[in-house]
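Colleague: What follows is a single structure, and I will ask about it in a moment.
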Amino acid sequence: MTDTASATRLALSGITKAYPSVVANDGIDLDVAPGEIHAVLGENGAGKSTLMKVIYGVVKPDAGTIRWEGKPVAIASPARARRLGIGMVFQHFSLFETLTVAENIALALDRERAGGDLPARIREVSGRYGLPLDPDRHVHTMSVGERQRVEIVRCLLQDPRLLIMDEPTSVLTPQAVERLFETLRRLSGEGCSILYISHKLDEIRALCTRATVLRGGKVTGTCDPRRESSASLARMMIGGELPHPRHREVTRGEPRLVVDGLTLASDDPFGTSLVDLKLTVHAGEIVGIAGVSGNGQKELMAALSGERRVEDASAVTLLGVAAGRLDADQRRALGLAFVPEERLGRGAVPEMSLAENALLTAHAKGLVRRGFVQAAAVRAFAQETIARYRVKAGGPDAAARSLSGGNLQKFIVGREIGQAPKVMIAAQPTWGVDVGAAAQIRQALIDLRDAGVAVLVVSEELDELFEICDRIAVIAQGRLAEARPARTTNAEEIGMLMAGSFIAPGAHPGRNFSPAGAMGSEP
3 MTDTASATRL
13 ALSGITKAYP
23 SVVANDGIDL
33 DVAPGEIHAV
43 LGENGAGKST
53 LMKVIYGVVK
63 PDAGTIRWEG
73 KPVAIASPAR
83 ARRLGIGMVF
93 QHFSLFETLT
103 VAENIALALD
113 RERAGGDLPA
123 RIREVSGRYG
133 LPLDPDRHVH
143 TMSVGERQRV
153 EIVRCLLQDP
163 RLLIMDEPTS
173 VLTPQAVERL
183 FETLRRLSGE
193 GCSILYISHK
203 LDEIRALCTR
213 ATVLRGGKVT
223 GTCDPRRESS
233 ASLARMMIGG
243 ELPHPRHREV
253 TRGEPRLVVD
263 GLTLASDDPF
273 GTSLVDLKLT
283 VHAGEIVGIA
293 GVSGNGQKEL
303 MAALSGERRV
313 EDASAVTLLG
323 VAAGRLDADQ
333 RRALGLAFVP
343 EERLGRGAVP
353 EMSLAENALL
363 TAHAKGLVRR
373 GFVQAAAVRA
383 FAQETIARYR
393 VKAGGPDAAA
403 RSLSGGNLQK
413 FIVGREIGQA
423 PKVMIAAQPT
433 WGVDVGAAAQ
443 IRQALIDLRD
453 AGVAVLVVSE
463 ELDELFEICD
473 RIAVIAQGRL
483 AEARPARTTN
493 AEEIGMLMAG
503 SFIAPGAHPG
513 RNFSPAGAMG
523 SEP
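Residues in the sequence shown are numbered from 3 upward in steps of one, following our numbering.
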């Protein structure tokens, strides 16, 4: 620990926090200097988010001390943290869905900062940092990537002296990530300290000057990530070698998911309408869809999953059946499985147990007979999913909200795979997931493909798409570029398509709102 108080902005000593089933933080020491960009690394469930919530006043530690600029402090609430100059961007967003962007941001600001022309300042700051926002838009209409922009801009408007970022780039495009890094480096140069949590090890190596590694709630080491490789950082995190995806040759089979002329007006005034989409996914292949958040991904997933039905039944065909007018349950009966991008609220009900959450989508797989829930079968299905995907949880009765984000994601993916689908659709399958869990999920998708399943993956992580996909398509302004073999394209070409290079000049945009508020556009 640094000797001189003036050289330390934040110093933690012996921070301990225990829950009934786990010790999340076990005697953690950590110090951060002014202007330092300090990474906190660890697997899902290692205690990173709990430690950040202790610093931000969301969680009260059982033991340990916190010193802020040399003085002991008790941070009893986020309001107290913000008064000290601590801001936080959460992995799971802390936004009120029924309020507008401006209203959500105002709640986190003091009266002086929340006054005046706040919408104008939101536009100015979000535009300056390449994170465009419409202050009047309601949060419930926004995609995950767009909501993350709200969290980041809200923190920047607080002029923080310590900025905590928990997976801030998990749903940002490479271009937006680079602009964010420029912002963070500028903040660092101005003396702002940054605590940075990310499972993207290349980002850690490019951005951070020091890293603290947690495993099982304890500090297991510190390092300069600039002097480490991604492989060595992964070994420090997981205590072993990082698994690499294994592919085997598979002959592509019959078309199982066919999208033909799908046109769908968004039911959201700020959304993106779909315009004449065409796509085919065959048995035994993984097709990826890349795109900047807010360019029609949400609307496409709703149309494919059955959450929104389309007038032309043949616009979506599943296993030879015109499915455009079928609801979600009818499409699942044909053999569709679906992993939504939002884990909590759509992928799983937070207050319900893992067993109950398994029942939500797998009830037709022998878990309900003659209208009666087979409790033993439900628990067995949930337990098998927990074991097979190494989900860190207190068992089938554990509430979904008690799991870390990565462990809940593994359970949701495992629940869908456990239903032996013929077509799998996964949106942002490894969002906020550590490197070990991400590798496991990607391998599970590859194994599905190798078993002859048709797999469609929507992701904003290009590295992920190139790692697992046979073909990659791009969605922009509600239009879909033709899928091309992953081995014959590259990130630069896909990036150009993401910017809309394939759209004819003068074509009517799919977005339902003005370009000034275009959430999916990149300045």
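The beta-carbon is built from N, C-alpha and C at its ideal position, and this holds for glycine as well.
Is it a yes or a no for the stretch 268-276 touching the stretch 323-335, going by three-plus beta-carbon pairs under 8 angstroms?
Modeller: Touching, no, given that fewer than three Cβ pairs across the two stretches are closer than 8 angstroms.
Colleague: Compute the Euclidean distance between the alpha carbons of Leu-14 and Ala-122, then round it to the nearest angstrom.
Modeller: The residue you call residue 14 lines up with position 12 of the sequence shown. The residue you call residue 122 lines up with position 120 of the sequence shown. Their backbone Cα atoms lie some 38 angstroms apart in a straight line.
Colleague: Asp-33 bridges to which residues according to DSSP?
Modeller: Mapped onto the sequence shown, residue 33 falls at position 31. Paired residues: Ala-13.
Colleague: Which residue from Ser-404, Gly-420 and Gly-368 puts its Cα closest to that of Ile-389?
Modeller: Looking up residue 389 in the sequence shown gives position 387. Reading off the sequence shown, one finds Ala at residue 389, where the question assumed Ile. Measuring from the Cα of Ala-389, the nearest candidate turns out to be Gly-420.
Colleague: Does Phe-374 pass the burial test, meaning 16 or more other C-beta atoms within 10 Å, or should it be called exposed?
Modeller: For the purposes of this step, residue 374 is taken as the residue at position 372 of the sequence shown. Exposed, because fewer than 16 other Cβ atoms sit within 10 Å of the Cβ of Phe-374.
Colleague: Work out the CA separation of Ser-503 and Asp-136 for me, nearest whole Å.
Modeller: Numbered from 1 along the sequence shown, position 134 holds the residue referred to as residue 136. Numbered from 1 along the sequence shown, position 501 holds the residue referred to as residue 503. So the two alpha carbons sit approximately 24 angstroms from each other.
Colleague: What is the DSSP secondary structure of His-142, counted as helix, strand or coil?
Modeller: Working through the sequence shown from its first residue, we reach residue 142 at position 140. Helix at His-142.
Colleague: Comparing alpha-carbon positions, which option in Ser-461, Tyr-391, Arg-207 and Ala-267 lies nearest Ala-439?
Modeller: Position 437 of the sequence shown, counted from the start, is the residue given in the question as residue 439. Of the listed residues, the one whose Cα sits closest to Ala-439 is Tyr-391.
Colleague: Hey, how far is the Cα of Ile-496 from the Cα of Ala-292?
Modeller: Counting from 1 along the sequence shown, the entry for residue 496 is found at position 494. Counting from 1 along the sequence shown, the entry for residue 292 is found at position 290. Roughly 8 angstroms separates the two Cα atoms.
Colleague: Using 10 angstroms around the beta-carbon of Tyr-58, count the other beta-carbons present and answer buried if the total reaches 16, otherwise exposed.
Modeller: Taking the sequence shown and counting its residues from 1, one reaches residue 58 at position 56. With 16 or more Cβ atoms within 10 Å of its Cβ, Tyr-58 is classed as buried.
Colleague: Would you report the Cα separation of Ala-350 and Phe-413, rounded to the nearest angstrom?
Modeller: Residue numbering aside, residue 350 sits at position 348 when the sequence shown is read from its first letter. Residue numbering aside, residue 413 sits at position 411 when the sequence shown is read from its first letter. Roughly 10 angstroms between the two C-alpha positions.
Colleague: Residues bridged to Ala-493 by DSSP?
Modeller: What you label residue 493 is simply residue 491 of the sequence shown in a count that begins at 1. In DSSP, Ala-493 forms no bridge with anything.
Colleague: For Val-437 versus His-201, is the C-beta spacing smaller than 8 angstroms?
Modeller: Within the sequence shown, the letter at position 435 stands for residue 437. Within the sequence shown, the letter at position 199 stands for residue 201. The answer is yes: Cβ separation under 8 angstroms.
Colleague: Going by DSSP, what residue range makes up the beta strand (DSSP E) through Ala-482?
Modeller: Walking along the sequence shown from the start, residue 482 turns up at place 480. Going by the sequence as given, residue 482 is Leu instead of Ala. 481-487 is the extent of the beta strand (DSSP E) around Leu-482.
Colleague: Would Pro-63 and Ile-17 be called neighbours here (beta carbons separated by less than 8 angstroms)?
Modeller: In the sequence shown, the residue the question calls residue 63 occupies position 61. In the sequence shown, the residue the question calls residue 17 occupies position 15. Yes; because the gap between Cβ atoms is below 8 angstroms, this pair is in contact.
Colleague: Please state if the CB of Gly-49 and the CB of Gly-219 are separated by a distance shorter than 8 angstroms.
Modeller: Here residue 219 is taken as the residue at index 217 of the sequence shown, counted from 1. Here residue 49 is taken as the residue at index 47 of the sequence shown, counted from 1. Yes, they are a contact pair.
Colleague: Indicate whether Ala-488 and Cys-471 have their beta-carbon atoms separated by less than 8 angstroms.
Modeller: Here residue 488 is taken as the residue at index 486 of the sequence shown, counted from 1. Here residue 471 is taken as the residue at index 469 of the sequence shown, counted from 1. For Ala-488 and Cys-471, yes; Cβs fall inside 8 angstroms.
Colleague: When the Cα of Val-152 is compared with those of Ser-355, Ser-96 and Gly-191, which residue comes out closest?
Modeller: Position 150 of the sequence shown, counting from 1, holds the residue named residue 152. Taking only the C-alpha atoms, the option nearest Val-152 is Ser-96.
Colleague: Using 10 angstroms around the beta-carbon of Glu-38, count the other beta-carbons present and answer buried if the total reaches 16, otherwise exposed.
Modeller: If you number the sequence shown from 1, residue 38 lands on position 36. When all chains shown are included, Glu-38 counts as buried.
Colleague: Can you list, in chain order, the stretches of the beta strand (DSSP E) that have 3 or more residues and sit fully within the stretch 143-171?
Modeller: For the stretch 143-171, whole beta strand (DSSP E) runs of length 3 or above, ordered along the chain, are 164-168.
Colleague: Counting C-beta neighbours from all protein chains within 10 Å, is the total for Asp-161 16 or more, i.e. buried, or is it exposed?
Modeller: What you label residue 161 is simply residue 159 of the sequence shown in a count that begins at 1. With fewer than 16 other Cβ atoms within 10 Å, it is exposed.
Colleague: Any contact between the stretch 66-84 and the stretch 116-131? By contact I mean 3 or more CB pairs, one from each, below 8 angstroms.
Modeller: In short, these stretches do not touch, since the Cβ pair count stays below three.
Colleague: Do you know offhand how far Leu-281's Cα is from Val-261's?
Modeller: Locating residue 281 in the sequence shown gives position 279, where the first residue counts as 1. Locating residue 261 in the sequence shown gives position 259, where the first residue counts as 1. Looking at the two C-alpha atoms, the distance is approximately 5 angstroms.
Colleague: For Lys-394, tell me which candidate among Gly-368, Leu-356, Ala-366 and Gln-376 has the shortest Cα-Cα distance.
Modeller: Counting from one through the sequence shown, the residue named residue 394 turns up at place 392. Lys-394 has its Cα closest to that of Leu-356, out of Gly-368, Leu-356, Ala-366 and Gln-376.
Colleague: Tell me whether Pro-507 sits in a helix, a strand or coil according to DSSP, three-state version.
Modeller: Working through the sequence shown from its first residue, we reach residue 507 at position 505. In the structure shown, Pro-507 sits in coil (DSSP, three-state: anything other than H, G, I, E or B).
Colleague: Rounding to the nearest angstrom, what Cα-Cα distance links Leu-328 and Gly-308 in this structure?
Modeller: Start at 1 with the first residue of the sequence shown, and residue 328 comes out as number 326. Start at 1 with the first residue of the sequence shown, and residue 308 comes out as number 306. Their Cα atoms are separated by approximately 6 angstroms.
Colleague: Thinking C-beta only, is Ser-461 closer than 8 angstroms to Gln-411?
Modeller: Taking the sequence shown and counting its residues from 1, one reaches residue 411 at position 409. Taking the sequence shown and counting its residues from 1, one reaches residue 461 at position 459. The answer is no: Cβ separation not under 8 angstroms.
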